[in-house]
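Using my numbering, read the sequence shown as starting at 13 and increasing by one per residue. Just so you know, even glycine gets a beta-carbon here, dropped at the ideal spot from N, CA and C. All values reported here derive from a predicted model rather than from experimental measurement. Below: one structure, written as structure tokens.
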Amino acid sequence: VLSINGKIKYVNRKFEDLTEMNFKELAEKDINKLISLELLDDNQPNGELGSIVDKIKNQDIFHIHINGTKREGYFGDHYLNEFSDGRNQTKLVVFKNVTDRVLHSNFREQLRLANIKSFVDGQEKERVRIAVEIHDSLGQLLNLIKIKMKAASINDKEILHILDQAVDETVCISENMLPRKILNFPLLTCITLLSETYNSDKISVHFNHSEIPPIEDQVVKTNIYRIVQEALNNAMKYSKCENIFIQMNKQDDLITLTIEDDGIGFENEDQSGNGLTNMKMRATAIGGELKIESQKKVGTLIICDIPLDKIIEKNEKEEDYHR
Numbered sequence: 013v014l015s016i017n018g019k020i021k022y023v024n025r026k027f028e029d030l031t032e033m034n035f036k037e038l039a040e041k042d043i044n045k046l047i048s049l050e051l052l053d054d055n056q057p058n059g060e061l062g063s064i065v066d067k068i069k070n071q072d073i074f075h076i077h078i079n080g081t082k083r084e085g086y087f088g089d090h091y092l093n094e095f096s097d098g099r100n101q102t103k104l105v106v107f108k109n110v111t112d113r114v115l116h117s118n119f120r121e122q123l124r125l126a127n128i129k130s131f132v133d134g135q136e137k138e139r140v141r142i143a144v145e146i147h148d149s150l151g152q153l154l155n156l157i158k159i160k161m162k163a164a165s166i167n168d169k170e171i172l173h174i175l176d177q178a179v180d181e182t183v184c185i186s187e188n189m190l191p192r193k194i195l196n197f198p199l200l201t202c203i204t205l206l207s208e209t210y211n212s213d214k215i216s217v218h219f220n221h222s223e224i225p226p227i228e229d230q231v232v233k234t235n236i237y238r239i240v241q242e243a244l245n246n247a248m249k250y251s252k253c254e255n256i257f258i259q260m261n262k263q264d265d266l267i268t269l270t271i272e273d274d275g276i277g278f279e280n281e282d283q284s285g286n287g288l289t290n291m292k293m294r295a296t297a298i299g300g301e302l303k304i305e306s307q308k309k310v311g312t313l314i315i316c317d318i319p320l321d322k323i324i325e326k327n328e329k330e331e332d333y334h335r
């Protein structure tokens, strides 16, 4: 129970345990000087009691730290009321310690993110394995057949042409599954080359970008590249578009990637396809967030935001690894 100006008038045993002080020590203390309160939804700092009480009305959970101690915790399920005995107006503030619930929730979220990262990493490793198998086994076998045919003076132009096509297709499949340029070129160059590959007489692919910090981490580069690749594949297969616009820019503390087409679009509720799910998982795996907006007869917009600090952090780890 607090006075209108924030002086403590009464506390229960739980609050005494939290502060490690008894009521005699707590009586008449200013609640604003006793505790620091962080509102998790908007991260606003502590202020006057009235404003804080007003703020926590709409907060599910908030964080309290007892000033001058290491005592802290997460609180919620609160009840607020004001009443008067005719002479004095007071505030009743009741809240429950939900620290265990929050920590358990945080653990589950960390586990979910770890599972997504593990799945995406496993998917990429399997792509690499298959690409190497195609290149080293099937590609070499087709070339060997060509050599044997020439050695045996078999000059059937149609068969040799089909073999050439098969070799080219093998190289193309292998490159799509394991884009070696990711290892050797900056990400923006790789996306430029990818855009040119998908350009055709029927569909124009446009890529524009501003200056962005270099992305050194191979996992981040690969996942961003795959998001663009998947978006282009989906647009080519399903959108019936004439143009695809790719943009990559730095906006404040974010790197923002957008892929937009002018195709037939789809219902926003229908976002369960494997390609769309994979893109979202790849964004999550590198600490980003991917949203898809689509409207029938208008087109589809994919927005991927990656916090700049995540990229810097991963770049530093990549540099440490190579030292």
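Asked	Found
Assumed close pair residue 214, residue 205 - CB separation to whole angstroms, cut-off 8 Å	Residue 214 to residue 205, Cβ: 20 Å. No contact.
Residue span of the alpha helix (DSSP H) that contains residue 2, given as start and end	Residue 2 cannot be examined here, being either before or after the span of the chain that is shown, 13 to 335.
Neighbour-count burial assignment, residue 226, 16 or more Cβ in a 10 Å radius	exposed
Cα-Cα separation, residue 242 to residue 313	13 Å
Rounded Cβ spacing between residue 216 and residue 255 (contact assumed at less than 8 Å)	5 Å
Option nearest residue 244 by Cα separation, candidates 223, 38, 258	258
Alpha carbon of residue 266 to alpha carbon of residue 272, nearest angstrom	19 Å
Nonlocal neighbours in the same chain, by C-beta distance under 6 Å from residue 221, ignoring five residues either side	200, 260
4 or more residues per run - each alpha helix (DSSP H) lying fully within the stretch 193-270	193-196, 199-210, 230-246
Pairwise C-alpha distance: residue 141 and residue 231	16 Å
Same chain only: Cβ atoms within 6 Å of residue 38, ignoring 5 sequence neighbours per side	20, 23
Nearest neighbour of residue 297, chosen from 158, 229, 108 [CA to CA]	229
Inter-residue spacing [alpha-carbon to alpha-carbon] between residue 59 and residue 50	Residue confidence for residue 59 is low, a pLDDT of 43 falling below 50, so the modelled location carries little weight and cannot support an answer.
Residue interval of the beta strand (DSSP E) (run including residue 302)	301-307
Run of the alpha helix (DSSP H) containing residue 44, from where it starts to where it stops	43-46
Residue environment, residue 174, which counts as buried when at least 16 other CB atoms sit within 10 Å	exposed
Range covered by the alpha helix (DSSP H) that runs through residue 278	Looking at the DSSP string, residue 278 is not in any alpha helix (DSSP H), and its letter there is neither H nor E.
Where the beta strand (DSSP E) through residue 37 begins and ends	First-last for residue 37: 35-38, but that is the alpha helix (DSSP H), not the beta strand (DSSP E).
Beta-carbon gap between residue 8 and residue 178 smaller than 8 Å	A query on residue 8 cannot be resolved here, the shown segment of the chain reaching from 13 to 335 and no further.
Status (buried if at least 16 other CB within 10 Å, exposed otherwise) for residue 55	Note that residue 55 scores a pLDDT of 45, beneath 50, so its modelled location is shaky and nothing firm can be said.
Beta-carbon gap between residue 43 and residue 101 smaller than 8 Å	no
Neighbourhood of residue 310 by C-beta, 6 Å cutoff - its chain only, sequence neighbours within 5 removed	277
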